[in-house]
Amino acid sequence: MLAYDYPLLSVFMSLLWFFLFVLWFWLLITILADIFRSHDLGGFSKTIWVLFVIFLPFLGVFVYLIARGHKMHEHATADVAASDAAFKQYVRDSAGTTSTADQLAKLADLRDRGVLTPEEFEAQKAKILA
Numbered sequence: 024m025l026a027y028d029y030p031l032l033s034v035f036m037s038l039l040w041f042f043l044f045v046l047w048f049w050l051l052i053t054i055l056a057d058i059f060r061s062h063d064l065g066g067f068s069k070t071i072w073v074l075f076v077i078f079l080p081f082l083g084v085f086v087y088l089i090a091r092g093h094k095m096h097e098h099a100t101a102d103v104a105a106s107d108a109a110f111k112q113y114v115r116d117s118a119g120t121t122s123t124a125d126q127l128a129k130l131a132d133l134r135d136r137g138v139l140t141p142e143e144f145e146a147q148k149a150k151i152l153a
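For the sequence shown, my numbering assigns the number 24 to the initial residue and increments by one for each residue that follows.
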């Protein structure tokens, strides 16, 4: 009632309710995604959780967060680790790492063409082999 006496407070309350509504749907979608990506739940358990969350949304979400909140964290951590590993593998594959033998062959070619002196060649060879 106080919000209608002060129009600015009414706008603030409307924004607050809107953001809580958006937060609620974000939480609901996150929980549904977690239910479907859980490998430790069987099909029947997933069905029960989905029905519980859809037909009793407030109670279902709160019970899910209490019962399986730690699993949500584990699933998110595993997804981030898998994504990081895939990215690192992609970078390694894209960079085209060379073997020690390839590096030594390039050094020998530079030495043979006269770009490197024998002393520079030995110094670079020692760095590569170290």
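Note that CB positions come from ideal geometry on N, CA and C, so glycine has one too.
For clarity, every value in this text was computed on a predicted model and none was experimentally measured.
- Note on R91: 16 or more other CB atoms within 10 angstroms of its CB, so buried under the neighbour-count rule.
- In this chain, the alpha helix (DSSP H) harbouring H93 covers 80-118.
- Judged by beta-carbon spacing, K111 lies beyond the 8 Å limit of S61, meaning their Cβ atoms are not closer than that value.
- For L55, there are no CB contacts under 6 Å within the same chain when 5 residues up- and downstream are skipped.
- Here the alpha carbon of A149 sits roughly 12 Å from the alpha carbon of Q126.
- Shortest Cα-Cα distance from H96 to any of V114, P141, I58 involves I58.
- Restricting attention to A146, L133, L38, T53, the CA atom closest to the CA of F85 is found in T53.
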